[in-house]
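Everything in the sequence shown is counted per UniProt numbering, starting at 1 for the first residue and increasing by one.
Note that beta-carbon positions come from the ideal geometry of N, C-alpha and C, so glycine has one too.
Worksheet: the structure to be examined is printed underneath.
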Amino acid sequence: MAVPASPGAPAAQQCSDEPRDLPVHQFTDHRELGVELARIERVSGGAVEVTEVGRSNRGREVWAARVGTGPKAVLLTSEIHGNEKTGTDAIVRLLDWIGTSESAKAQRWRSELTIVAIPKMNPDAAELDRRGNDMTWDEVTARFPQLRGSEPAWNYYTEPRQGDDYSQRPGFDVNRDYNPDLGYEPRPEDFPGSSAETGWFITPESRIVRDVYLGLTHEFGKVDTYIDLHHQGACYVMPDDPDEFVTMSISGKFVDDPASTPGYERYAAGYDLDYSKRLNVAAYHALQGQANDNPLFGNITLYPQDINLPGTGLGTFALNGSGAVLFEVRGQTQTLGQQYRAQLTRTVYIGLDGILSALATGRVDQLDPAVYDSIPPRGPSIGSTAVRATALER
Ligand SMILES: [Zn+2]
Numbered sequence: 001m002a003v004p005a006s007p008g009a010p011a012a013q014q015c016s017d018e019p020r021d022l023p024v025h026q027f028t029d030h031r032e033l034g035v036e037l038a039r040i041e042r043v044s045g046g047a048v049e050v051t052e053v054g055r056s057n058r059g060r061e062v063w064a065a066r067v068g069t070g071p072k073a074v075l076l077t078s079e080i081h082g083n084e085k086t087g088t089d090a091i092v093r094l095l096d097w098i099g100t101s102e103s104a105k106a107q108r109w110r111s112e113l114t115i116v117a118i119p120k121m122n123p124d125a126a127e128l129d130r131r132g133n134d135m136t137w138d139e140v141t142a143r144f145p146q147l148r149g150s151e152p153a154w155n156y157y158t159e160p161r162q163g164d165d166y167s168q169r170p171g172f173d174v175n176r177d178y179n180p181d182l183g184y185e186p187r188p189e190d191f192p193g194s195s196a197e198t199g200w201f202i203t204p205e206s207r208i209v210r211d212v213y214l215g216l217t218h219e220f221g222k223v224d225t226y227i228d229l230h231h232q233g234a235c236y237v238m239p240d241d242p243d244e245f246v247t248m249s250i251s252g253k254f255v256d257d258p259a260s261t262p263g264y265e266r267y268a269a270g271y272d273l274d275y276s277k278r279l280n281v282a283a284y285h286a287l288q289g290q291a292n293d294n295p296l297f298g299n300i301t302l303y304p305q306d307i308n309l310p311g312t313g314l315g316t317f318a319l320n321g322s323g324a325v326l327f328e329v330r331g332q333t334q335t336l337g338q339q340y341r342a343q344l345t346r347t348v349y350i351g352l353d354g355i356l357s358a359l360a361t362g363r364v365d366q367l368d369p370a371v372y373d374s375i376p377p378r379g380p381s382i383g384s385t386a387v388r389a390t391a392l393e394r
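Here is the structure:
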């Protein structure tokens with residue numbers, strides 16, 4: 001719950017979640033991403049292999065970059081919400097380093113891990129610089145005629161949101177379109193659904209990621225780790241200091257325990273919350289380790305743990321047995337624009353480096369999941385639209 005800031009708190013006077021038009025040109029757009037990935041493939045001598053894994057609803061390429069030949073498969077995705085852009089920049093830098101470095105560390109990553117990254121997995125939303133894509137319900141029913149006559153999905157936006165006018169250009173929150181039954185096909189009786197229920201794979205973008213996940217599962221037996229990169233509200237503060245903004249919140253828990261949730265029991269055997277906690281601890285340690293250089297890297301909190309979102313990519317893949325990590329850096333483009341781009345991209349990079357290092361060395365298995373539970377919880381949002389800010393996330 002958001003609570004008002006104490007009167008005169010300096011941070012409160014600086015922060016607002018009110019949508020604004022802010023420059024975003026420093027971020028990597030879809031065309032630039034294609035150029036960058038091709039360059040990385042070239043300079044890495046093919047160590048990084050880039051393939052088009054599908055097309056978005058508007059026909060834009062969705063690319064996957066694969067590097068490493070190790071037995072542990074790691075899947076990374078960014079920009080499922082198109083106004084949450086730092087993850088894409090962090091992935092590009094990471095791929096560049098993994099593909100070209102001759103350091104012992106990079107060699108170990110390449111020999112122990114197979115990393116598949118799908119940066120900017122929702123390019124239609126990314127080009128619009130907004131949360132949702134611009135697929136219409138008519139386009140859905142043209143593709144899935146069995147849904148004609150159904151009420152549109154609950155995550156179909158048709159009203160203004162975060163400063164974007166979905167009434168003129170409606171679209172979907174793709175990150176509610178997943179279903180832990182990876183072979184699921186849309187059924188009319190499952191609509192309109194709700195946040196606590198599973199999604200449908202009605203968007204091309206969620207189907208693309210699912211298909212990559214299934215391919216890796218077929219090849220490796222399982223996807224060891226799935227990491228999804230997001231932004232949250234701009235005005236969350238540390239729980240013990242209302243003048244310090246949260247740089248990033250992290251999480252390994254997105255769904256209720258399947259063992260005790262009716263209808264989800266079949267996922268209980270593979271679900272491993274402790275493993276997700278260890279992965280998050282690796283990111284947390286890495287960032288705390290950099291806090292002496294820059295205190296902002298120390299302002300890491302746990303994302304709320306009381307959520308149950310089986311229709312998210314993270315919820316779906318965690319139920320399918322992958323260790324799962326959510327990164328939520330500070331502020332979407334409509335609240336901060338590119339103002340903190342370098343610092344937030346660096347935060348994501350350090351966190352990813354921590355996780356991938358722990359995976360490549362095997363150190364992840366020695367980490368204590370109890371440390372996860374000691375990460376401070378996110379403090380309140382002190383922005384001028386604090387109550388609405390709770391909707392501006394995930
Ligand atoms: Zn998000």
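Buried or exposed by the 16-neighbour rule on C-beta atoms within 10 Å, applied to residue i
| i | result |
| --- | --- |
| Glu102 | exposed |
| Pro262 | exposed |
| Val35 | exposed |
| Gly233 | buried |
| Asp21 | exposed |
| Gln334 | buried |
| Pro4 | Low local confidence applies: a pLDDT of 44 at Pro4 is under 50, so the model's placement there is unreliable, with the coordinate-based value given in what follows. So Pro4 ends up on the exposed side. |
| Pro295 | exposed |
| Val43 | exposed |
| Gly82 | buried |
| Glu189 | exposed |
| Pro19 | buried |
| Val387 | Its pLDDT being 46, under 50, Val387 is placed unreliably in this model, and the value from its coordinates should be taken loosely. Exposed, since its Cβ has fewer than 16 Cβ neighbours within 10 Å. |
| Gly252 | buried |
| Ser194 | exposed |
| Gly270 | exposed |
| Glu41 | buried |
| Gln305 | exposed |
| Pro7 | Any reading at Pro7 needs caution, since the residue's pLDDT is 47, under 50, leaving its predicted position unreliable; the model's value is listed next. Flag for Pro7 reads exposed. |
| Gly354 | buried |
Candidates the options: closest to residue i by CA position
| i | options | result |
| --- | --- | --- |
| residue 407 | Pro180, Val329, Gly323, Phe245 | The displayed coordinates of the chain run from 1 to 394. Any statement about residue 407 would go beyond what the structure contains. |
| Asp138 | Gly132, Val371, Thr316, Arg148 | Arg148 |
| Ala370 | Arg110, Leu287, Asn280, Pro380 | Asn280 |
| Asp29 | Leu309, Lys85, Ala358, Ile202 | Lys85 |
| Ala282 | Gly362, Met238, Asp241 | Gly362 |
| residue 423 | Ala47, Val140, Pro160, Asp164 | With the chain represented from 1 up to 394, any question about residue 423 goes unanswered, as that position is not in the structure. |
| Phe191 | Asp96, Gly323, Thr141, Glu328 | Thr141 |
| Tyr275 | Gly221, Val209, Leu367, Leu33 | Leu367 |
| Thr100 | Gly45, Asp134, Asn133, Asp243 | Gly45 |
| Gln107 | Thr198, Ala360, Thr316 | Ala360 |
| Leu302 | Glu328, Leu314, Ala286 | Glu328 |
| Gln343 | Ala291, Phe317, Ile355 | Ala291 |
| Val237 | Ile118, Asp134, Ser206, Arg378 | Arg378 |
First through last residue of the alpha helix (DSSP H) which encompasses residue i
| i | result |
| --- | --- |
| Ile208 | 204–220 |
| Pro242 | Counting along the chain, Pro242 falls outside any alpha helix (DSSP H), though it belongs to the beta strand (DSSP E) covering 241–245. |
| Lys277 | 273–289 |
| Val92 | 86–100 |
| Gln339 | No alpha helix (DSSP H) holds Gln339; DSSP gives it neither H nor E. |
| Arg108 | 104–112 |
| Arg66 | It is not in any alpha helix (DSSP H) - Arg66 instead sits in the beta strand (DSSP E) that spans 61–67. |
| Arg143 | 137–143 |
| Pro369 | 369–374 |
| Arg187 | That residue, Arg187, is in no alpha helix (DSSP H); it is neither H nor E in DSSP. |
Residue i beta carbon near ligand 3 (any heavy atom closer than 8 Å)
| i | result |
| --- | --- |
| Arg266 | No copy of ligand 3 occurs in the structure displayed; its ligands are ligand 1 alone. |
Cutoff 9 Å: residue i Cβ touching any chain B Cβ
| i | result |
| --- | --- |
| Thr114 | Of the protein chains in the structure, only one exists, and it is not chain B. |
Same chain only: Cβ atoms within 7 Å of residue i, ignoring 5 sequence neighbours per side
| i | result |
| --- | --- |
| Glu265 | Pro258, Ala259 |
| Pro204 | Gly54, Arg55, Ser56, Asn57 |
| Thr217 | Val223 |
| Ala268 | Pro258, Ala259 |
| Val255 | Asn308, Leu309, Pro310, Gly315, Ala318, Leu319 |
| Glu150 | Going by the sequence as given, residue 150 is Ser instead of Glu. Cβ within range, chain order: Pro188, Phe191. |
| Thr158 | Tyr166, Ser167, Pro170 |
Contacting residues, own chain, Cβ-Cβ under 6 Å from residue i (five flanking each side not counted)
| i | result |
| --- | --- |
| Gln26 | Gln338, Arg341 |
| Pro152 | Trp137 |
| Leu80 | The sequence shown places Ile at residue 80, rather than the Leu named in the question. Closer than 6 Å at the Cβ level, and outside the excluded window around Ile80, lie Met121, Asn122, Val174, Asn175. |
| Thr114 | Gly68, Gly70, Ala73 |
| Gly323 | Thr225, Tyr275, Ser276, Leu279 |
| Ala358 | Ala282, Val364 |
Other residues of its chain near residue i: CB distance less than 8 Å, five sequence neighbours each side excluded
| i | result |
| --- | --- |
| Ala38 | Val50 |
| Val24 | Lys85, Asp129, Thr333, Gly337, Gln338 |
| Arg110 | Ala47, Val67, Gly68, Thr69, Gly70, Ile98 |
| Phe245 | Ala11, Cys15, Ala234, Cys235, Tyr236, Val237, Met238, Asn299, Arg330 |
Range covered by the beta strand (DSSP E) that runs through residue i
| i | result |
| --- | --- |
| Ser249 | 248–251 |
| Tyr82 | One detail in the question is off: residue 82 reads as Gly in this sequence, not Tyr. Per DSSP, Gly82 belongs to no beta strand (DSSP E) and is neither H nor E. |
| Ala324 | 323–330 |
| His231 | 225–232 |
| Ile300 | 300–302 |
| Val24 | It is not in any beta strand (DSSP E) - Val24 carries neither H nor E in the DSSP assignment. |
| Glu52 | 48–55 |
In chain order, what residues have a CB nearer than 5 Å to some heavy atom of ligand 1?
His81, Glu84, His230
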